[in-house]
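Student: Provided herewith is a single structure, encoded as structure tokens, for subsequent inquiry.
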Amino acid sequence: MQRKLFLVLSLVCTILCCTVTVYGAIELSRQGRTPQLIKDVYHKDGTPYIAIDDALPALGMSGYWDSVAHVYKIKSPRGRATFFPGGQYLRLGETFYPIKHKPLFIDGRLRVSEDFILEQLAEVLPTPIYYRNLNPISAPDADQGMLDKLFAFLLQKKKSSTEPALRAVAIDPGHGGDDMGTIGRNGIKEKDVVLAVAKKLKKKLKMQLGVPVYLSRDDDYTLSAEQHLGCARHDDVDVFLLLHAQASLVPDEHGVHIYVRPEKDELNGNEGFGNSSMMFALQLSSALRSAGFNVVEVAQAPLLQLVRGNLPTVLIEMGYLSNLEDKNMLNSGIGQQRFADALFVGLQRFANADK
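Quick note on my numbering: the sequence shown kicks off at 10 and runs consecutively.
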């Protein structure tokens with residue numbers, strides 16, 4: 010068994026070494042103008058990210074970071090456009106354009122993906138964009154498929170009928186380090202609030218149930234997508250909880266969103282595995298509602314973090330950092346403890362129901 014696990018982990022490491030981030034270069038301009046060479050290009054998971062402060066001048070536009078509102082503002086031929094790190098939309102007037110890859114702070118600069126340039130920035134320009142990636146990187150489909158299978162194997166729930174219902178809990182506080190996640194009102198960072206709630210939940214679980222709790226990170230440092238999943242590889246883990254927060258360009262949007270993987274999604278592999286995750290999600294939702302939190306939805310979603318396997322896995326968007334009420338709750342020790350206490354109750358109910 011140990012030899013088999015060693016071979017699996019060695020193969021994981023080999024694949025991960027092939028997907029490390031590298032730098033590249035692009036040419037960018039508005040059609041009919043001289044292309045500008047931008048060398049500071051960061052590839053993350055095969056997607057090029059360009060500093061917005063480099064991209065806008067090449068397109069004949071300008072912008073700046075509003076440190077009070079914590080949004081980036083673009084002066085364009087069609088008017089003022091805004092977006093923020095971790096945001097899902099570019100706002101132009103009263104129109105919202107969805108963003109495929111969220112803007113990120115990488116190496117101290119706010120960067121956007123190439124599809125943001127080709128799709129969102131194209132919306133605010135009267136002429137087409139010339140774009141050429143001088144160092145394209147493609148992720149081999151075979152390697153990615155193998156990686157999916159390895160993590161599916163590692164996330165399988167291994168428990169006999171004679172063992173306790175809840176042996177250990179894995180918690181992934183999203184983002185960390187250079188990846189700040191969403192930045193909300195007054196500069197509140199997603200990476201900080203999710204870690205605070207995770208630590209409070211870990212302490213409560215250990216003190217009251219005496220079960221091991223594995224965190225993907227216990228401080229502010231950067232993790233790869235695979236490292237975020239590492240805490241769920243322990244053989245005694247029976248549930249996996251991923252904590253996030255979000256933001257919106259509409260300040261009134263608020264509340265908790267809970268997601269599980271689709272039962273018949275290609276990331277799932279075997280039909281029916283999603284049932285235990287949905288049961289877990291519904292117990293968490295009930296506990297949060299009982300504690301006074303507004304749960305907007307419990308839904309199935311094909312999110313990358315919700316990898317295939319039969320381990321009960323739930324991703325929680327704990328609230329909107331762009332909403333005053335949610336931000337105040339998530340940024341206070343009392344609010345964080347309330348949220349952690351509600352999650353504890355949901356975990357305990359799920360464990361008791363699963364006996």
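A virtual CB, placed ideally from N, CA and C, is assigned to each residue, including glycine.
Please state if the CB of residue 193 and the CB of residue 256 are separated by a distance shorter than 8 Å.
Tutor: Position 247 of the sequence shown, counting from 1, holds the residue named residue 256. Position 184 of the sequence shown, counting from 1, holds the residue named residue 193. It is a contact, given that the beta carbons lie within the stated cut-off.
Student: Give the straight-line distance between the Cα atoms of residue 324 and residue 113, rounded to the nearest whole angstrom.
Tutor: For the purposes of this step, residue 324 is taken as residue 315 along the sequence shown, with counting starting at 1. For the purposes of this step, residue 113 is taken as residue 104 along the sequence shown, with counting starting at 1. Each residue's alpha carbon lies about 20 Å from the other.
Student: Rounded to whole angstroms, what's the CA-CA distance from residue 207 to residue 248? Just pull it up for me.
Tutor: Counting from one through the sequence shown, the residue named residue 207 turns up at place 198. Counting from one through the sequence shown, the residue named residue 248 turns up at place 239. Cα to Cα, the separation comes out at about 14 Å.
Student: Measure the beta-carbon distance from residue 179 to residue 120 and round it to whole angstroms, keeping in mind my assumption that it falls under 8 Å.
Tutor: Against the sequence shown, residue 179 aligns to sequence position 170. Against the sequence shown, residue 120 aligns to sequence position 111. About 30 Å; that fails the 8 Å criterion.
Student: If you reduce the DSSP assignment to three classes, tell me which class residue 196 lands in.
Tutor: Mapped onto the sequence shown, residue 196 falls at position 187. Of the three classes helix, strand and coil, the one that applies to residue 196 here is helix, per DSSP.
Student: Assign residue 261 to one of three DSSP states: helix, strand, or coil.
Tutor: As a working mapping, residue 261 is identified with position 252 in the sequence shown. Coil, per DSSP.
Student: With a threshold of 8 Å on Cβ separation, who are the neighbours of residue 79 within its own chain once the five nearest residues in sequence on each side are excluded?
Tutor: Position 70 of the sequence shown holds residue 79. If we look at residue 79 and ignore the five residues flanking it on each side, its Cβ neighbours are 93, 192, 193, 194, 195 and 196.
Student: In the DSSP output, which residue or residues are listed as bridge partners for residue 107?
Tutor: Counting from 1 along the sequence shown, the entry for residue 107 is found at position 98. Its beta-bridge partners are 98.
Student: Mind reading off the beta-carbon distance from residue 69 to residue 81? Whole number of angstroms is fine, and I expect it under 8 Å.
Tutor: If you number the sequence shown from 1, residue 69 lands on position 60. If you number the sequence shown from 1, residue 81 lands on position 72. The Cβ separation is near 17 Å, so there is no contact.
Student: For a quick check, are the C-beta atoms of residue 204 and residue 182 less than 8 Å apart?
Tutor: In the sequence shown, the residue the question calls residue 204 occupies position 195. In the sequence shown, the residue the question calls residue 182 occupies position 173. Against a cut-off of 8 Å, the Cβ pair of residue 182 and residue 204 comes out as a contact.
Student: Which partner residues does residue 307 have in the DSSP bridge list?
Tutor: Against the sequence shown, residue 307 aligns to sequence position 298. Per DSSP, 267.
Student: Check whether the region 212 to 231 touches the region 329 to 341, taking contact to mean three or more Cβ pairs, one atom from each stretch, closer than 8 Å.
Tutor: Judged by Cβ distances under 8 Å, the region 212 to 231 makes no contact with the region 329 to 341, as fewer than three pairs qualify.
Student: Looking only at DSSP bridge pairs, what is residue 181 linked to?
Tutor: Translated into positions along the sequence shown, residue 181 becomes position 172. In the DSSP output, where bridge partners are listed per residue, residue 181 has 251.
Student: Under the three-state reduction of DSSP, which class applies to residue 338: helix, strand or coil?
Tutor: The residue you call residue 338 lines up with position 329 of the sequence shown. Residue 338: helix per DSSP, three-state reduction.
Student: Between the region 93 to 105 and the region 39 to 49, can you find at least three pairs of beta-carbon atoms closer than 8 Å?
Tutor: No, they do not touch.
Student: Can you give me the start and stop residues for the beta strand (DSSP E) that residue 126 sits inside?
Tutor: As a first step, residue 126 must be located in the sequence shown, where it is residue number 117. It is not in any beta strand (DSSP E) - residue 126 carries neither H nor E in the DSSP assignment.
Student: Within this structure, are the beta carbons of residue 53 and residue 115 separated by less than 8 Å?
Tutor: Here the question's residue 53 lines up with position 44 in the sequence shown. Here the question's residue 115 lines up with position 106 in the sequence shown. The answer is yes: Cβ separation under 8 Å.
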